[in-house]
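Notes follow the structure.
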Amino acid sequence: MDYQINHLKELESESIFIMREVAAQFENPVIMFSGGKDSILMVHLAHKAFFPAKIPFPLLHIDTGHNFDETIRYRDELVERLGATLIVGSVEEAIKSGEATEEKGHNASRNALQTGVLLASLEKGKYDAALGGARRDEEKARAKERFFSHRDEFGQWDPKNQRPELWNIFNGKHRMGEHFRIFPISNWTELDVWQYLAIEKVPLPSLYFAHKRSVFERDGTLLANSEFIDRKDSEIPFEEMVRCRTIGDVTCTGVWKSEAATIEDIITEVSTTRMTERGGRTDDKRSETSMEDRKKQGYF
Amino acid sequence: MSNYTNSELLRFTTAGSVDDGKSTLIGRMLYDSKSIYQDQYDAVVTASQRRGEEEVNLALLTDGLRSEREQGITIDVAYRYFSTPKRKFIIADTPGHIQYTRNMVTGASTANVALVLVDARNGVVEQTKRHAIIASLLQIPHLVVCINKMDLVDYKQEAFDRIQDEFEKFAAKLDVSDVHFIPISALKGDNVVHRSEKTNWYDGPTLMYYLENVHIASDHNFIDARFPVQYVIRPRADEYHDYRGYAGRIAGGVMKVGDRVTLLPSGFTTGIKEIKGADGTQEEAFPPQSVTVLLEEDFDLSRGDMIVRQNNQPHIVQDVELMVCWFDHEKPLAVRGKYMIQHTTQNVRCIIKEIRYKLDINSLHRDEDDKSIRMNDIARVVIRTTKPLFTDPYRKNRITGSVIFVDEGNNSTVGAGMII
Numbered sequence: 001m002d003y004q005i006n007h008l009k010e011l012e013s014e015s016i017f018i019m020r021e022v023a024a025q026f027e028n029p030v031i032m033f034s035g036g037k038d039s040i041l042m043v044h045l046a047h048k049a050f051f052p053a054k055i056p057f058p059l060l061h062i063d064t065g066h067n068f069d070e071t072i073r074y075r076d077e078l079v080e081r082l083g084a085t086l087i088v089g090s091v092e093e094a095i096k097s098g099e100a101t102e103e104k105g106h107n108a109s110r111n112a113l114q115t116g117v118l119l120a121s122l123e124k125g126k127y128d129a130a131l132g133g134a135r136r137d138e139e140k141a142r143a144k145e146r147f148f149s150h151r152d153e154f155g156q157w158d159p160k161n162q163r164p165e166l167w168n169i170f171n172g173k174h175r176m177g178e179h180f181r182i183f184p185i186s187n188w189t190e191l192d193v194w195q196y197l198a199i200e201k202v203p204l205p206s207l208y209f210a211h212k213r214s215v216f217e218r219d220g221t222l223l224a225n226s227e228f229i230d231r232k233d234s235e236i237p238f239e240e241m242v243r244c245r246t247i248g249d250v251t252c253t254g255v256w257k258s259e260a261a262t263i264e265d266i267i268t269e270v271s272t273t274r275m276t277e278r279g280g281r282t283d284d285k286r287s288e289t290s291m292e293d294r295k296k297q298g299y300f
Numbered sequence: 001m002s003n004y005t006n007s008e009l010l011r012f013t014t015a016g017s018v019d020d021g022k023s024t025l026i027g028r029m030l031y032d033s034k035s036i037y038q039d040q041y042d043a044v045v046t047a048s049q050r051r052g053e054e055e056v057n058l059a060l061l062t063d064g065l066r067s068e069r070e071q072g073i074t075i076d077v078a079y080r081y082f083s084t085p086k087r088k089f090i091i092a093d094t095p096g097h098i099q100y101t102r103n104m105v106t107g108a109s110t111a112n113v114a115l116v117l118v119d120a121r122n123g124v125v126e127q128t129k130r131h132a133i134i135a136s137l138l139q140i141p142h143l144v145v146c147i148n149k150m151d152l153v154d155y156k157q158e159a160f161d162r163i164q165d166e167f168e169k170f171a172a173k174l175d176v177s178d179v180h181f182i183p184i185s186a187l188k189g190d191n192v193v194h195r196s197e198k199t200n201w202y203d204g205p206t207l208m209y210y211l212e213n214v215h216i217a218s219d220h221n222f223i224d225a226r227f228p229v230q231y232v233i234r235p236r237a238d239e240y241h242d243y244r245g246y247a248g249r250i251a252g253g254v255m256k257v258g259d260r261v262t263l264l265p266s267g268f269t270t271g272i273k274e275i276k277g278a279d280g281t282q283e284e285a286f287p288p289q290s291v292t293v294l295l296e297e298d299f300d301l302s303r304g305d306m307i308v309r310q311n312n313q314p315h316i317v318q319d320v321e322l323m324v325c326w327f328d329h330e331k332p333l334a335v336r337g338k339y340m341i342q343h344t345t346q347n348v349r350c351i352i353k354e355i356r357y358k359l360d361i362n363s364l365h366r367d368e369d370d371k372s373i374r375m376n377d378i379a380r381v382v383i384r385t386t387k388p389l390f391t392d393p394y395r396k397n398r399i400t401g402s403v404i405f406v407d408e409g410n411n412s413t414v415g416a417g418m419i420i
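And the structure:
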């Protein structure tokens, strides 16, 4: 008998282990759900981890108000299908109540505002563990992230203070008011995620697949022509077959030309592409250490 | 697509000092296996230019955090990913300095392979020995010694042979069984991914070929059945009214439906009724699978308990002897110190009974007089726990033979232990 498993099965086993560990070590965990493929994967894995019981954590969505319509539709369908509990933290409301200030100008985005609303939602729900779909291959500052990432009372991440993780042993002990960010799919790469979703036949938001959309070009990236973006007069919109490789807000998610209509097409494209997944994310481009700086402030 | 979905996962550590060119080697592997995207490469070109460097510094691909980029060195364990059609690789990239022993130990804990880098001009130095000792202590099953900068010694076989000799003499004292030597130049690319024409006297594999083909399937323990209960699944819904599933990750051995098993600590015996994996029911389960086990009779098992076979049990002990690597930068490990211990899914408290000796990580010398165990030190220690642990020697099983020490005051992980 061959006692071997392939890498996707091993990754799946590891992620399931992490999620069960969270359920065992924490009082009140929550899954941060954005509607993107990584959080969809997480929910799929959580469902397997606890089957036949329901997922013992609610889903938390920080809604900037600038999401693609398709993202919201998908989220609502998923929640209903799994019988999950959905909690929504609204950036729009935070702006209205004065807690958050809208950015202005051509490059305005509500991305940075999510942090404040996220921290407020976590505090309100008294969650001591927030599971997120971040992966270590995504970005430089995530290469050193742990599975169990300790955050202080301000939600802040200190790279010098992270606990060593050895073998299968995860130390989630914490004081009142502190919480952990947990990243069960840390070791998955973008390609792993797509291959797994394809094999498992998980339904995905239509945004990931080629569709015709009105777009315009800015700094070498294509952005969706949306009411939420302050488009300059020189930026002329045109129709193009595009898809999203990563899904953030409309305001900062680059779309790119693609004919990939099926998940197999996407896998081929991703395997042979010359640009990283987040290469089209203008929020990462703001400086070389953009992600690290945002993490220190408590961003996802 | 089928090529990429049927590959194994291999984890390896890279240990070498800044000057040994380790980051250059990783950058070279990522670059030559086409695992680096164009925009990442472009960003590095820009960053190199901004720093006034002449050649594209591949090491910049791996240095991430702000303070590192400023200092030009790597500080913590960083995880890099790449795949070839044969395997998916996870690199635990750690610094080589002695003050980062704890990082190396961390990265080494789950590794299949240790990649030790040697500068061909300098040969086996203190650092090389230290890395080999750590690989041996952490029981990394395979070691590959890369003799780098061969371009600076004219690709001479004598240089390679001399270093191989030196290392083998030293390694004879260690617990390492599978060691390979490869002459490379990370900077020029010789024998990393592509075979070099300059080392015709060498007929071994390139580094990439070695990594793609080294046999890792036997790196798990498939002999001694060990299932630490991690979480109990109780749906309590009508459909699954009496369902009680013991979820966890198989830590050793092969468990089959129908097996007679013993439950620890109670000692009760029963049979395995069903095993549920990620894809539904399975007939058997082995490491590192995460499964849910259902038993024939209802016993009130909980997290921390263990399911094993009657005739092959772990050592049930409260007095434990271990090799410890200390992490705490504030407080040294001291006799009568009290800590929390995490062993598989169990949490107990312990007290340090005795420090037998401090291990010199460069020479293997055991100092029985020096009992000051500080951060990055390694010592042999005896502890007593408040409750029994179900252990195996670390040499037999890395999961049931390992523990971490947690500080009761600030909750930080202050040490790692390997049971003797």
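These protein sequences, in sequence, are chains A and B.
Residue 246 in our numbering sits at position 246 of the first sequence; the count goes up by one each step and never skips.
Residue 117 in our numbering sits at position 117 of the second sequence; the count goes up by one each step and never skips.
Ideal Cβ placement from N, Cα and C applies to all residues, glycine included.
Delimiting residues of the alpha helix (DSSP H) encompassing residue i
i	result
Q195/A	190-200
D38/A	37-50
L118/A	113-125
F167/B	157-171
Q342/B	First-last for Q342/B: 338-343, but that is the beta strand (DSSP E), not the alpha helix (DSSP H).
S34/A	That residue, S34/A, is in no alpha helix (DSSP H); it is neither H nor E in DSSP.
D265/A	263-272
L30/B	22-32
Cβ-Cβ distance between residue i and residue j below 8 Å
i	j	result
V214/B	V113/B	yes
T270/B	E297/B	yes
Y3/A	A217/B	yes
A225/B	G252/B	yes
I383/B	I419/B	no
L197/A	L204/A	yes
S83/B	M208/B	no
I404/B	T413/B	yes
L60/A	S15/A	no
C146/B	I182/B	yes
V270/A	V242/A	no
S149/A	F180/A	yes
R356/B	K338/B	no
D119/B	K149/B	yes
F167/B	V125/B	no
D63/A	S97/A	no
A421/B	E12/A	Outside the modelled stretch of chain B, which goes from 1 to 420, sits residue 421/B, for which no answer is possible.
F390/B	I316/B	yes
S109/B	L143/B	no
N411/B	K173/A	yes
Unbroken beta strand (DSSP E) run spanning residue i, endpoints
i	result
M418/B	413-419
Y79/B	78-83
I355/B	346-359
R260/B	260-264
L78/A	Not the beta strand (DSSP E): L78/A falls in the alpha helix (DSSP H), residues 69-82.
K273/B	269-277
Interface flag, residue i vs chain C, CB-CB below 8 Å
i	result
D137/A	No chain C appears in the structure shown, which is made up of the protein chains A and B.
Residues sharing a beta bridge with residue i, DSSP
i	result
Q94/B	Gln is not the amino acid found at residue 94/B; the sequence shown has Thr there. For T94/B, which the question treats as bridged, DSSP gives the partners A15/B.
E239/A	S214/A
K257/A	V242/A
E284/B	K256/B
E87/A	The residue you asked about is not Glu; residue 87/A is Ile in the sequence shown. Per DSSP, L60/A.
Give me the subset of the region 155-174 of chain A whose CB atoms are less than 7 Å from a CB atom of chain B, sorted by chain position. P159, R163, P164, E165, L166, W167, N168, I169, N171, K173, H174
Three CB pairs or more closer than 8 Å across the region 318-335 of chain B and the region 369-378 of chain B: yes
Taking three-plus beta-carbon pairs below 8 Å as touching, is the region 184-194 of chain A in contact with the region 136-154 of chain A? yes
Could you list the residues in the region 186-199 of chain A with a C-beta less than 9 Å from some C-beta on chain B, going in chain order? S186, N187, W188, T189, L191, D192, Q195, Y196, A198, I199
Cβ pair count under 8 Å reaching 3, the region 77-93 of chain A against the region 39-58 of chain A: yes
Between the region 14-28 of chain A and chain B, which residues of the former have CB atoms less than 8 Å from a CB of the latter, in chain order? E14, I16, F17, R20, E21, A23, A24
With 8 Å as the C-beta to C-beta threshold (strictly closer), list the residues of the region 86-117 of chain B near chain A in chain order. R87, K88, I90, R102, N103, V105, T106, S109, T110
Mind the definition here: the region 22-35 of chain A touches the region 259-277 of chain B only if three or more C-beta pairs lie below 8 Å; say whether that holds. no
Between the region 224-233 of chain A and the region 100-117 of chain A, do three or more beta carbon pairs fall short of 8 Å? yes
Pull out every residue of the region 186-211 of chain B whose Cβ sits closer than 9 Å to any Cβ of chain A, in chain order. none
Residues in the region 90-108 of chain A with C-beta within 8 Å of chain B's C-beta atoms, listed in sequence order? none
Please list, in chain order, the residues of the region 367-389 of chain B that have any C-beta partner in chain A closer than 8 Å. none
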